[in-house]
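Novice:
Residue numbers (the UniProt record's numbering): 1 to 283.
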């Protein structure tokens, strides 16, 4: 008999199956784009899209057509997805728990320091391969071009994003008059350049601004990841019921009935049987 859990799993997987198509399409479109920022995201999108497609297809076929092996594959992959998402969520909270901006006296914006963030994030952002990709992304987004027309009063009264604060200007404490140039200052003060293609893109403050932006985005995303985790656990529970129903359907017996399977003798049955026959022969 067709059961409620199978129907629910079938509809849920049909929905996720259809949802995976635009995800894969977006990844393929980014693969053709020449923008560095979009190419940086194409691989995760394609992987997520194809995994969702395969898992949803297996769950839909297994639930709607009572294919137990497809549902078994679906449940195994779902278990790995739940474990991976749970591990990713815990890891994300761990590496983004440190950081945050420092208030600048007389300014609305904050400034960010690389040493305030977790060692794992600092190691990743300081890798030249990753940083060159992110630097090209910031250049392509023209984030700093929006500040080119600011007046000194704007810097006093207007707020900035973490990337603008770290990458588009030198640290506020820097001074560049002849009398103070010989004094010890923040190393980022000497990395600053007025060229629009250089600015403070090699500064530690710029890397800290990128990490702060990632940290804020992760905290916003954490609400979605926790919700997805709860939803996946609920779907997995319904999938277990659908798998049980499918196994029952394969026996062609109504729900609640069962039959005795073939009884296999215990491992020592034949030895006891041989001893019993020998005893009968002797007596």
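Even glycine gets a Cβ: it sits at the ideal position worked out from N, Cα and C.
1) Flag this pair as touching only if the stretch 94 to 112 and the stretch 162 to 175 have three or more C-beta atom pairs under 8 angstroms; answer yes or no.
2) For the structure I just gave you, are there three or more beta carbon pairs, one from the stretch 195 to 212 and one from the stretch 164 to 178, closer than 8 angstroms?
3) Tell me the DSSP secondary structure of residue 210 in three-state form.
4) Per DSSP, what are the beta-bridge partners of residue 102 in this structure?
5) Would you check if the distance between the CB atom of residue 71 and the CB atom of residue 243 is smaller than 8 angstroms?
6) Do residue 9 and residue 238 have their C-beta atoms within less than 8 angstroms of each other?
7) Secondary structure at residue 118, three-state DSSP: helix, strand or coil?
8) Can you list, in chain order, the residues of its chain whose CB lies under 8 angstroms from that of residue 106, leaving out five sequence neighbours each side?
9) I'd like the span of the alpha helix (DSSP H) that includes residue 89, first residue to last.
10) Assuming residue 21 contacts residue 50 under a Cβ cut-off of 8 angstroms, what Cβ separation, rounded to an integer in Å, is found between them?
11) Thinking just about the alpha-carbon of each residue, which of 150, 66, 54, 58 is nearest to the one in residue 4?
12) Roughly how many whole angstroms lie between the Cα atoms of residue 13 and residue 60?
13) Hey, out of 273, 186, 97, whose CA is closest to residue 214's CA?
14) Suppose contacts are defined by Cβ-Cβ distances below 8 angstroms. Is residue 62 in contact with residue 212 by that definition?
15) If residue 126 sits next to residue 207, beta carbons under 8 angstroms apart, how far is it from one beta carbon to the other, in whole angstroms?
16) Comparing the C-beta of residue 168 with each C-beta of chain B, is any distance below 8 angstroms?
17) Going by DSSP in three states, residue 259 sits in which element: helix, strand or coil?
18) For residue 55, tell me which candidate among 74, 218, 6, 225 has the shortest Cα-Cα distance.
19) State the DSSP-derived secondary structure class of residue 143, mapped to helix, strand or coil.
20) By how many angstroms is the C-alpha of residue 78 removed from the C-alpha of residue 11?
21) Less than 8 angstroms between the beta carbons of residue 225 and residue 133, yes or no?
22) Please return the same chain residues whose Cβ sits closer than 8 angstroms to the Cβ of residue 118, not counting the five positions on each side in sequence.
23) Are residue 318 and residue 123 closer than 8 angstroms when you measure CB to CB?
24) Give a yes or no on whether the C-beta atoms belonging to residue 144 and residue 199 are separated by under 8 angstroms.
25) Please state whether the Cβ-Cβ distance between residue 171 and residue 186 is less than 8 angstroms.
Specialist: Well, looking at it:
1) In this structure the stretch 94 to 112 touches the stretch 162 to 175; the number of beta carbon pairs closer than 8 angstroms is three or more.
2) yes
3) Position 210 of the chain shown, counting from 1, holds the residue named residue 210. In the structure shown, residue 210 sits in a helix (DSSP, three-state: H, G or I).
4) Position 102 of the chain shown, counting from 1, holds the residue named residue 102. Beta-bridge pairing links residue 102 to 111.
5) Taking the first residue of the chain shown as 1, we reach residue 71 at position 71. Taking the first residue of the chain shown as 1, we reach residue 243 at position 243. A contact, by the Cβ cut-off of 8 angstroms.
6) Within the chain shown, the letter at position 9 stands for residue 9. Within the chain shown, the letter at position 238 stands for residue 238. Cβ distance < 8 angstroms, so residue 9 and residue 238 count as in contact.
7) Along the chain shown, read from residue 1 onward, the residue named residue 118 stands at position 118. Reduced to three states, the DSSP call for residue 118 is coil.
8) For this step, residue 106 is matched to residue 106 along the chain shown. So the list reads 156, once near-sequence residues are dropped.
9) As a working mapping, residue 89 is identified with position 89 in the chain shown. 68 to 95 is the extent of the alpha helix (DSSP H) around residue 89.
10) The sequence position of residue 21 within the chain shown is 21, counting from 1. The sequence position of residue 50 within the chain shown is 50, counting from 1. Rounded to whole angstroms, the Cβ separation of residue 21 and residue 50 is 11 angstroms, and the two are not in contact under 8 angstroms.
11) On the chain shown, position 4 is the one that residue 4 refers to. If we check each option's Cα against that of residue 4, 66 comes out closest.
12) What you label residue 13 is simply residue 13 of the chain shown in a count that begins at 1. What you label residue 60 is simply residue 60 of the chain shown in a count that begins at 1. Distance between the alpha carbons of residue 13 and residue 60: 5 angstroms.
13) Your numbering for residue 214 matches position 214 in the chain shown. Comparing Cα positions, the closest option is 97.
14) Sequence index remark: in the chain shown, residue 62 carries index 62 (1-based). Sequence index remark: in the chain shown, residue 212 carries index 212 (1-based). No, they are not a contact pair.
15) Within the chain shown, numbered from 1, the residue matching residue 126 stands at position 126. Within the chain shown, numbered from 1, the residue matching residue 207 stands at position 207. Between residue 207 and residue 126 the Cβ distance is about 7 angstroms, and since that is below 8 angstroms, they are a contact.
16) In the displayed structure, chain B is absent; only one protein chain is listed.
17) Position 259 of the chain shown, counting from 1, holds the residue named residue 259. With a pLDDT of 49 at residue 259, under the threshold of 50, the predicted position of this residue should be treated as unreliable, though the coordinate-derived value follows. Coil.
18) Position 55 of the chain shown, counted from the first residue, corresponds to residue 55. With distances taken between Cα atoms, residue 55 lies closest to 74.
19) Locating residue 143 in the chain shown gives position 143, counting from the first residue. Residue 143: coil per DSSP, three-state reduction.
20) Walking along the chain shown from the start, residue 11 turns up at place 11. Walking along the chain shown from the start, residue 78 turns up at place 78. If I take the Cα positions, the gap works out to 16 angstroms.
21) The residue you call residue 225 lines up with position 225 of the chain shown. The residue you call residue 133 lines up with position 133 of the chain shown. No, these two residues do not count as a Cβ contact at 8 angstroms.
22) Within the chain shown, residue 118 is the residue found at index 118, counting from 1. Same-chain partners within the cutoff: 94, 95, 96, 97, 98, 99.
23) Nothing in the structure corresponds to residue 318, since the chain is present only between 1 and 283.
24) As a position in the chain shown, residue 144 is number 144, starting the count at 1. As a position in the chain shown, residue 199 is number 199, starting the count at 1. Yes, the Cβ-Cβ distance between residue 144 and residue 199 is below 8 angstroms.
25) Within the chain shown, residue 171 is the residue found at index 171, counting from 1. Within the chain shown, residue 186 is the residue found at index 186, counting from 1. Against a cut-off of 8 angstroms, the Cβ pair of residue 186 and residue 171 comes out as a contact.
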